[in-house]
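Numbering (the numbering used here), first residue to last: 108 to 385. Idealized CB from N, CA, C, for every residue including glycine. From a predicted model like this one, the values you see are computed outputs, not experimental measurements. Shown next, in structure tokens, is the structure this report addresses.
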Amino acid sequence: MIANITGALVRALLVMVLIATPSLMLPGVSSDTTQIVALVALFAGALTFFEYVSTYPGLVEFRDAPPFNRMRFVSLFATVLLLSAIVRGQTDPSTLTNLIQTLGNHLGAAIDVPYSPVRLVVLMLPEDMSVQHLILVRTTAGIAYMISLLTLIFFVLVMRLLGWPNRMGKFNVWVNLPTFDPTTGGDVVDRLQRDARFNIALGFLLPFLVPAAVKAASVAFTPVTLESPQTLIWTMAAWAFLPASLFMRGIAMGRIASMIAEKRRRKQSQSQADLQPA
């Protein structure tokens, strides 16, 4: 019980640090912004604490199937941290911020090819934006997109090499997939495979659809400029993290469907062997 409370408390504190990172790193943050960020961080920390301290499932998926959520958190935290360092370097440059910005600039330039997600992000900005701001957006987009790709590769390697989630103990569908009801909607394996394909397809299309939707909405509404530092950080982080998270969810659900189907085949083979005469 004490270990469970301690683990939930540590997770809550880490989530609060994640949300507060841009406000802590960026200079010139107003007191109103600081208060709003503190309120959001407290709410997210409390939600995380009660989610992990509870025995029953809540909203967080794959809660008892590490390192799924740990990888997602590390990916998002690394994205927010690096993007905050890049934006801070625009006003308070240092050796570290210059190094990160140079790396991000090279990544953004390498990924900025026709019809790529990074190119679409740059094209969704108004045409009268300065070249310096366009390069900054491309740099942050390149860093965020590369982190999401590395997260996906690492998750697939963990799943293949370590046998996730088989070697993590028994997998409880009710706890780890609280929004999935296995008792309705037909066969569980078919539903899991269908949901897996949907999540993978949405994760692949989302980096392309979001810039296109923003560009289309700018015709009727105020164009998105991403000139606010915190808006730039969180927009780029969400743009890269959400598709990667959907990809991981789809891959994980496909893995679970394969495990259930394999278990059914073993039971069927065992039943047939028991029915055969000695």
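In whole angstroms, what is the alpha-carbon distance linking residue 344 and residue 221? 22 Å
How about residue 185 and residue 254: are their beta carbons less than 7 Å apart? yes
Kindly indicate which residue of 333, 166, 195, 174 has the alpha-carbon position closest to the one of residue 262. 174
For residue 157, the first and last residue of its enclosing alpha helix (DSSP H): 138–160
The ligand HEM and residue 226: does any heavy atom of the ligand fall closer than 6 Å to the residue's C-beta? Looking for the ligand HEM in the displayed structure turns up nothing, as the structure carries no ligands at all.
DSSP-derived helix/strand/coil call for residue 170: coil
Alpha helix (DSSP H) segment containing residue 197, residue limits: Neither: residue 197 is in no alpha helix (DSSP H) and is coded neither H nor E.
Which runs of the alpha helix (DSSP H) spanning at least 4 residues fall entirely within the stretch 339–370, listed in chain order? none
Three-way DSSP call (helix, strand, coil) for residue 221 in this model: coil
For the structure I just gave you, are there three or more beta carbon pairs, one from the stretch 183–197 and one from the stretch 332–349, closer than 8 Å? yes
Is residue 330 helix, strand or coil when you go by DSSP? coil
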